[in-house]
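Chemist:
Protein chains: 2
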Amino acid sequence: MKDYRPLELPTQNHGQRDYGIVSCEGGICAAKGVRAAGVCAGLRKEPGRLDLSLVALNETSVCAGVFTQNRFCAAPVQVSQERVENGRACAIVLNSGNANASTGAPGVQVAQQTTALVAEELGCAEEEVLVASTGVIGVPLALDGFVSGIPQAVRALDDTPEAAHRAARAVMTTDTVAKESSCEVELPCPNGGSVRAHVGGFVKGSGMIMPNMATMLCVLSTDAPLTSEAAHDALLSAVGETFNKVTVDSDTSTNDTCVLFATGDAGGDPVGVDSLAYPAIAAAIRWVCEELARKIAADGEGATKLVTVDVLGAANDEDAETVARSIANSPLVKTAIFGHDANWGRVAMAAGKCGVDFDQYNVDIDLLGVPVLRAGLPLPMDEEDLLRRFEEDEIRIAISLGEGEANARVWTCDLTHEYVTINGDYRT
Amino acid sequence: MKDYRPLELPTQNHGQRDYGIVSCEGGICAAKGVRAAGVCAGLRKEPGRLDLSLVALNETSVCAGVFTQNRFCAAPVQVSQERVENGRACAIVLNSGNANASTGAPGVQVAQQTTALVAEELGCAEEEVLVASTGVIGVPLALDGFVSGIPQAVRALDDTPEAAHRAARAVMTTDTVAKESSCEVELPCPNGGSVRAHVGGFVKGSGMIMPNMATMLCVLSTDAPLTSEAAHDALLSAVGETFNKVTVDSDTSTNDTCVLFATGDAGGDPVGVDSLAYPAIAAAIRWVCEELARKIAADGEGATKLVTVDVLGAANDEDAETVARSIANSPLVKTAIFGHDANWGRVAMAAGKCGVDFDQYNVDIDLLGVPVLRAGLPLPMDEEDLLRRFEEDEIRIAISLGEGEANARVWTCDLTHEYVTINGDYRT
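Protein chains in written order, with my numbering: chain G, 71 to 498; chain H, 71 to 498.
(1) Please name the residue in L124/G, C110/G, V125/G whose C-alpha comes closest to that of G118/G.
(2) Among V125/G, A240/G, G208/G, L77/G, which one has its Cα closest to the Cα of Q430/H?
(3) Label A478/G either buried or exposed according to how many other C-beta atoms from any shown protein chain fall within 10 Å of its C-beta, with 16 as the threshold for buried.
(4) Please go through the same chain and pick out, in chain order, the residues whose beta-carbon is closer than 6 Å to the beta-carbon of L296/H, but skip the five residues on each side of it.
(5) In the DSSP assignment, find the unbroken beta strand (DSSP E) run with R479/G in it and report its ends.
(6) Mind reading off the beta-carbon distance from G270/G to S251/G? Whole number of angstroms is fine, and I expect it under 8 Å.
(7) So, is the C-beta of T24/H closer than 8 Å to a C-beta in chain G?
(8) Can you confirm whether Q151/G, when its beta carbon is compared against all beta carbons of chain H, has any partner nearer than 8 Å?
(9) State yes or no: is the C-beta of C253/G within less than 8 Å of the C-beta of V125/G?
(10) Check each candidate in I467/G, L305/G, N140/G, A267/G and name the one with the smallest Cα separation from N399/G.
(11) Hey, does D389/H have any beta-carbon neighbour from chain G nearer than 8 Å?
(12) Check each candidate in A195/H, L257/H, L438/H, A161/H and name the one with the smallest Cα separation from A223/H.
(13) Looking only at its chain, what residues have a beta carbon closer than 6 Å to the beta carbon of A368/G, apart from the 5 residues adjacent to it on each side?
(14) Does DSSP put L113/H in a helix, in a strand, or in coil?
(15) Can you pull the chain G residues whose beta carbon is under 8 Å from the beta carbon of P448/H, in chain order?
(16) Out of G494/G, V163/G, N168/G, T204/G, point me to the one whose CA is closest to A186/G's CA.
(17) Hey, how far is the Cα of P448/H from the Cα of D436/H?
(18) What is the DSSP secondary structure of S345/G, counted as helix, strand or coil?
(19) Could you compute how far the alpha carbon of N165/G sits from the alpha carbon of E371/H?
(20) Name, please, each residue of chain H whose Cβ falls closer than 7 Å to the Cβ of W414/G.
(21) Residues in the same chain with beta-carbon distance under 7 Å from A406/G, minus the five sequence neighbours each way, listed in chain order, please.
(22) Counting only C-beta atoms, is G422/G closer than 8 Å to chain H at any point?
(23) Answer yes or no: does any C-beta atom of chain G fall closer than 8 Å to that of T405/H?
(24) Report the start-end ranges of each beta strand (DSSP E) in the region 430 to 481 of chain G that is 3 residues or longer and not cut off at the edges.
(25) Per the contact definition of three or more C-beta pairs closer than 8 Å, is the region 90 to 99 of chain G in contact with the region 452 to 464 of chain G?
(26) Would you kindly work out how many angstroms separate the C-alpha atoms of E197/G and Q179/G, rounded to a whole number?
(27) Considering only C-alpha positions, which residue in the set K102/H, P401/H, T482/H, T130/H is nearest to E488/G?
(28) Taking DSSP as the reference, what is the three-state secondary structure of A134/H?
(29) Is V490/G close to chain H, meaning its C-beta is less than 8 Å from at least one C-beta of that chain?
(30) For chain G, is any of its Cβ atoms less than 8 Å away from the one on T392/H?
(31) Which same chain residues, not among the five before or five after V442/G, have their C-beta less than 8 Å away from its C-beta?
(32) Which residues mark the beginning and the end of the alpha helix (DSSP H) in which L164/G is found?
(33) Using CA atoms only, rank isn't needed, just tell me which of E190/G, G215/G, R236/G, A301/G is closest to R356/G.
(34) Once DSSP output is grouped into helix, strand and coil, what is the label at R119/G?
(35) In whole angstroms, what is the alpha-carbon distance linking L113/H and T173/H?
(36) Name the DSSP bridge partner or partners of H487/H?
Below, the structure is given as structure tokens:
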């Protein structure tokens with residue numbers, strides 16, 4: 071008699087257990103030395119809707135950033151990418167309603183002028199202000215709204231959870247909820263004792279979301295005294311394991327931007343990549359990123375479900391990743407989930423189509439924790455039980471290829487009528 | 071003053087002009103020596119629906135085939151692929167309602183038994199009968215329906231257009247129309263004079279359609295006396311330029327099968343790849359394949375529009391193809407077309423996201439024949455004019471990358487509510 075136990079999966083967000091990371095309030099303002107604001111600058115058609123977000127640091131701070139790899143990268147990406155290389159910044163200004171992408175040289179000028187307005191108000195150098203935009207592509211962005219909006223945002227700057235929340239809301243487009251996360255972590259000091267540090271942030275992203283890139287727009291902050299190198303390494307590694315594992319629709323934005331500020335206001339010695347405290351703060355940054363990444367997938371345009379795809383037993387990491395993305399991006403898998411249809415044959419199809427080599431007679435598949443295929447043979451299914459399990463908020467798909475030891479996990483959502491509705495009349 | 075003429079595109083289906091190919095009646099039976107039937111074998115839930123298709127050749131004939139590259143290739147694919155290597159066949163039996171995929175060794179046995187039933191009725195060798203299936207994956211296929219259905223199909227075999235049409239209808243699943251095509255072409259003889267040859271076929275395919283594979287199920291026939299090598303070469307080349315350029319949803323079936331039979335009944339000397347007549351008959355085969363490929367895209371699940379994507383000025387063929395597929399598979403491009411939204415920014419996004427190198431400031435884009443982007447700068451749009459153009463059945467998108475001389479064309483369709491409806495409750 072065969073034993074059809076579910077596949078054993080890696081745990082989610084392990085940092086919590088390993089470093090005593092605990093969730094806290096405050097979003098982007100959880101870290102000391104960070105103020106935020108979200109205001110209505112009239113950049114959007116809907117009157118009164120928040121559309122301009124500002125995050126300002128009390129002192130010029132360490133910063134790191136990752137950006138879209140789309141060849142049609144937007145004007146603000148061109149500006150911010152260059153400035154992040156200096157490793158220092160004092161603010162980032164973000165707008166929704168217009169992506170300032172495919173807008174040519176005039177678009178770059180507007181992005182620069184936007185940062186100049188912020189620099190003037192804050193009394194810092196223009197080169198220390200970053201900029202990010204989200205919204206429609208290919209429509210010239212006017213400076214007008216920023217001229218009045220930026221002074222208004224500077225006046226509204228505050229370090230409260232409410233201010234953080236307004237900043238998170240002002241970058242929403244088709245997002246249905248503001249997506250924030252923050253946590254505390256104890257950083258060990260070389261000479262004994264410890265320092266309590268915070269990491270927080272918000273993210274905007276709902277459609278045009280695809281792995282292998284930064285997410286849409288994400289601002290992160292910590293008060294840990296990270297060196298520039300440590301901030302860069304921790305961000306790159308966290309993004310690679312979290313945002314780059316999310317795919318809503320396989321489309322990659324022209325505007326993806328993810329920046330991390332480190333104010334150092336938690337105190338203590340500088341934390342470099344070789345410091346005793348580095349693993350803990352890197353885990354805390356990853357923890358926040360994973361929270362935000364899962365929120366993006368769950369809030370995918372029109373989504374009703376967060377979907378986690380685990381690939382086990384691949385020959386190597388690349389194969390595992392390719393199969394996981396192939397399943398997560400398959401419109402047929404995603405519509406089946408929307409329809410609460412335990413059609414795991416589409417998971418098999420999606421695994422098989424992507425050019426990764428395996429023997430179908432070694433493959434196991436679990437759907438919603440239920441074994442449905444073992445060694446290439448379908449198992450009898452209790453459809454009633456599966457229908458009940460489809461009521462859960464998170465749908466788990468796991469496939470073992472039987473080729474090796476490599477695993478991968480990606481997050482996605484289902485494909486629904488609402489996705490078509492949203493994207494069938496977004497611009498007009 | 072700049073000149074904003076539309077981009078110059080290659081013509082469609084050029085064989086017609088170059089070889090005097092003319093459309094004719096008859097579908098798969100247009101070629102002499104071919105009979106077909108479509109019957110109801112009770113394999114589907116809907117009573118009375120045609121579900122078993124048979125194409126039989128009067129004599130054992132040359133055959134060639136291409137098959138899915140999906141690692142979860144279905145049982146009938148495993149059986150037919152091996153048999154096609156002999157280069158000779160006398161029949162193919164096809165069913166809808168069950169794909170006989172992910173069904174393990176028992177599935178392979180059922181596929182073999184199906185061909186044995188056909189061989190017995192026709193009095194030919196089992197190894198000369200091919201088999202193909204389409205429908206749900208992962209559900210065991212019972213032989214019962216074939217036991218009564220196959221004798222019934224053999225009795226119904228006929229060489230009329232009506233019989234061809236019933237064969238085409240019996241393989242439909244979510245297809246809304248039977249997809250057939252046939253043509254005549256004059257083949258020059260080495261010693262002067264010519265022979266009138268025919269090519270015909272039908273195809274089934276609507277969802278789970280993606281390039282770089284054969285299409286779902288396609289049966290082609292010609293009465294030209296092709297050698298086995300010539301049949302193989304002509305089929306491979308035609309499929310590469312037509313079916314492999316279609317993408318409905320980026321998902322690749324486990325069951326894709328495309329076979330070509332050459333009866334030789336048109337008379338004349340054998341036609342090899344070096345024969346005087348080869349280019350004309352190869353063009354005729356390509357002509358039929360392009361007709362069928364466009365019909366697949368136009369009948370994509372839930373589609374309201376056929377979409378043709380042309381990429382011009384790429385550095386090489388691979389880049390051109392990658393960009394074309396990236397645009398054609400983008401859910402955001404496809405939903406915008408459904409919404410009659412001239413949101414060409416999504417075309418730019420899709421071109422930029424796929425890893426192909428180009429400079430956005432050299433890019434031109436036309437939508438529906440209207441220049442909308444020149445050298446990376448948006449042009450003013452007449453939205454009324456574009457809305458009118460969206461009423462056309464075929465939507466054309468063209469992008470020039472300004473990198474080189476390579477071009478690519480792919481066909482797809484829009485992404486609609488109906489796609490989600492069809493695939494949200496297909497199995498249950």
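Note that CB positions come from ideal geometry on N, CA and C, so glycine has one too.
Modeler: Quick answer:
(1) Locating residue 118/G in the first sequence gives position 48, where the first residue counts as 1. The option with the nearest alpha carbon to G118/G is C110/G.
(2) Locating residue 430/H in the second sequence gives position 360, counting from the first residue. Nearest of V125/G, A240/G, G208/G, L77/G to Q430/H, Cα basis: G208/G.
(3) In the first sequence, residue 478/G corresponds to position 408, counting from 1. Result: buried.
(4) Position 226 of the second sequence, counting from 1, holds the residue named residue 296/H. If we look at L296/H and ignore the five residues flanking it on each side, its Cβ neighbours are V132, A332, V341.
(5) Taking the first residue of the first sequence as position 1, residue 479/G is located at position 409. First-last of the beta strand (DSSP E) with R479/G: 476 to 483.
(6) The residue labelled residue 270/G in the question sits at position 200 within the first sequence. The residue labelled residue 251/G in the question sits at position 181 within the first sequence. Yes, G270/G and S251/G are in contact; Cβ-Cβ is about 7 Å, under 8 Å.
(7) Residue coverage of chain H in this structure runs from 71 to 498, which leaves residue 24/H outside it and unanswerable.
(8) As a working note, residue 151/G is residue 81 in the first sequence. Output row for Q151/G: interface = no.
(9) Here residue 253/G is taken as the residue at index 183 of the first sequence, counted from 1. Here residue 125/G is taken as the residue at index 55 of the first sequence, counted from 1. No, the pair does not count as a contact, with Cβ atoms beyond the cut-off.
(10) As a first step, residue 399/G must be located in the first sequence, where it is residue number 329. Of the candidates I467/G, L305/G, N140/G, A267/G, the one whose C-alpha sits nearest the C-alpha of N399/G is I467/G.
(11) Residue 389/H sits at position 319 when you count from the first residue of the second sequence. D389/H does not count as touching chain G.
(12) Residue 223/H sits at position 153 when you count from the first residue of the second sequence. Ranking the options by Cα distance to A223/H, first place goes to A161/H.
(13) Within the first sequence, residue 368/G is the residue found at index 298, counting from 1. Correct list, in chain order: L376.
(14) What you label residue 113/H is simply residue 43 of the second sequence in a count that begins at 1. L113/H: coil per DSSP, three-state reduction.
(15) As a working note, residue 448/H is residue 378 in the second sequence. Under the 8 Å cutoff, chain G gives S172, T173, G174, G208, V209, P210.
(16) Numbered from its first residue, the first sequence carries residue 186/G at position 116. Comparing Cα-Cα distances from A186/G to each of G494/G, V163/G, N168/G, T204/G, the minimum goes to V163/G.
(17) Locating residue 448/H in the second sequence gives position 378, counting from the first residue. Locating residue 436/H in the second sequence gives position 366, counting from the first residue. Roughly 11 Å between the two C-alpha positions.
(18) Looking up residue 345/G in the first sequence gives position 275. DSSP places S345/G in coil when its eight states are reduced to three.
(19) Within the first sequence, the letter at position 95 stands for residue 165/G. Within the second sequence, the letter at position 301 stands for residue 371/H. The alpha-carbon atoms of N165/G and E371/H are separated by roughly 37 Å.
(20) If you number the first sequence from 1, residue 414/G lands on position 344. Residues of chain H passing the Cβ test: G208.
(21) The count along the first sequence starts at 1 and reaches residue 406/G at position 336. Counting only Cβ-Cβ distances below 7 Å, and skipping sequence neighbours, we find N413, R416.
(22) For the purposes of this step, residue 422/G is taken as the residue at position 352 of the first sequence. Answer yes: the Cβ-Cβ gap between G422/G and chain H drops below 8 Å somewhere.
(23) Locating residue 405/H in the second sequence gives position 335, where the first residue counts as 1. Yes, because at least one Cβ of chain G sits closer than 8 Å to the Cβ of T405/H.
(24) 434 to 437, 440 to 444, 464 to 470
(25) no
(26) Taking the first residue of the first sequence as position 1, residue 197/G is located at position 127. Taking the first residue of the first sequence as position 1, residue 179/G is located at position 109. Distance between the alpha carbons of E197/G and Q179/G is about 14 Å.
(27) Here residue 488/G refers to the residue found at position 418 when the first sequence is read from its first residue. Selected option, being the one with the closest Cα: P401/H.
(28) Working through the second sequence from its first residue, we reach residue 134/H at position 64. Residue state, collapsed to three classes: strand.
(29) Working through the first sequence from its first residue, we reach residue 490/G at position 420. Yes, because at least one Cβ of chain H sits closer than 8 Å to the Cβ of V490/G.
(30) Here the question's residue 392/H lines up with position 322 in the second sequence. Taking Cβ atoms only, chain G never reaches closer than 8 Å to T392/H, which makes this a no.
(31) Looking up residue 442/G in the first sequence gives position 372. Answer for V442/G: A412, W414, I435, D436, P448, L449, M451, listed in chain order.
(32) Walking along the first sequence from the start, residue 164/G turns up at place 94. Run containing L164/G: none in the alpha helix (DSSP H); it sits in the beta strand (DSSP E), 158 to 168.
(33) Working through the first sequence from its first residue, we reach residue 356/G at position 286. Checking every option, the nearest Cα to that of R356/G belongs to A301/G.
(34) Taking the first sequence and counting its residues from 1, one reaches residue 119/G at position 49. Residue state, collapsed to three classes: coil.
(35) Residue mapping note: residue 113/H aligns to position 43 of the second sequence, counting from 1. Residue mapping note: residue 173/H aligns to position 103 of the second sequence, counting from 1. L113/H and T173/H: Cα-Cα distance of roughly 16 Å.
(36) Counting from 1 along the second sequence, the entry for residue 487/H is found at position 417. Beta-bridge pairing links H487/H to no other residue.
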